[in-house]
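Peer 1: Encoded as structure tokens, here's the structure I'll be asking about.
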Amino acid sequence: MLVTVGTTCFDELVRAVDTEAFHEKALALGFERLVVQRGRGSHRPRQLGLKTESFDLKPSLDEELKSASLVISHAGAGSIIEALRERRRLLVVVNPLLMNNHQLELAEAMQKRGHCAMAADASEVVARLQEAVQMDLTAYPAANLKPWHDLLEDACGVVPVSRAPG
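The numbering of the sequence shown is numbering that gives the first Met the number 0, which starts it at 0 and goes up by one.
Here's what the structure looks like:
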């Protein structure tokens with residue numbers, strides 16, 4: 000299981016997964032390992048049942064995402080998209096202290112579309128954990144970059160081979 004707060008400080012989420020209640024629930028659901036990416040926060044998770052490791056920031060979370068069967072993430076767009084592109088089960092946790100609570104809108108929209116489970120704040124993480132593990136997730140659609148490539152080619156005056164006279 001991977002917990003990520005992105006590049007922000009979201010100690011409330013780190014503290015929520017650093018409780019005996021969380022560890023007991025996660026162990027009961029079959030988890031053994033907890034990896035916590037703390038971002039700019041100061042709280043350091045303890046060993047409470049799950050084998051726990053943590054770090055501040057890394058250039059990429061690719062390795063952690065590939066090995067996680069569940070991602071618990073702050074509601075940052077980049078973190079959500081990364082987890083969904085890796086087809087990971089996802090519990091999105093809103094940080095209500097950020098920018099007029101903009102994360103709530105994104106989290107609710109992703110939940111409504113079936114891409115994730117959602118906790119309105121860190122205090123709901125334990126209560127939402129089982130839902131995140133058991134829900135049937137809707138796959139996130141792959142990006143369609145063709146319109147962007149077409150626009151870029153037109154702007155640069157490049158004629159692709161497929162459209163070249165000939």
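For every residue, glycine included, the Cβ atom is placed at its ideal position computed from N, Cα and C.
#1: Using CA coordinates, which residue listed in P58, E62, L89, L56 is at the minimum distance from S72?
#2: Leaving out the 5 sequence neighbours to the left and right, which residues in its chain are closer than 6 Å to E130 when beta-carbon positions are compared?
#3: Do the stretch 79-99 and the stretch 7-15 make contact, defined as three or more Cβ pairs closer than 8 Å?
#4: Could you check how far apart the C-beta atoms of G5 and S78 are, in whole angstroms? I think they sit under 8 Å.
#5: Would you identify the three-state DSSP class for Q36, choosing helix, strand or coil?
#6: Compare the beta carbon distance of L56 and R87 with 8 Å and say whether it is the shorter of the two.
#7: Kindly indicate which three-state DSSP category F54 falls into: helix, strand or coil?
#8: What are the complete beta strand (DSSP E) segments, minimum 3 residues, inside the stretch 78-146?
#9: With a threshold of 7 Å on Cβ separation, who are the neighbours of E85 within its own chain once the five nearest residues in sequence on each side are excluded?
#10: On the criterion of 16 or more Cβ atoms from any shown chain inside 10 Å, does R112 qualify as buried, or is it exposed?
#11: Ignore the nearest five residues each way along the sequence and tell me which others in R39's own chain have a CB closer than 6 Å to its CB.
Peer 2: For this structure:
#1: L89
#2: A116
#3: yes
#4: 5 Å
#5: strand
#6: no
#7: strand
#8: 88-92, 116-118
#9: L64, K65
#10: exposed
#11: C8
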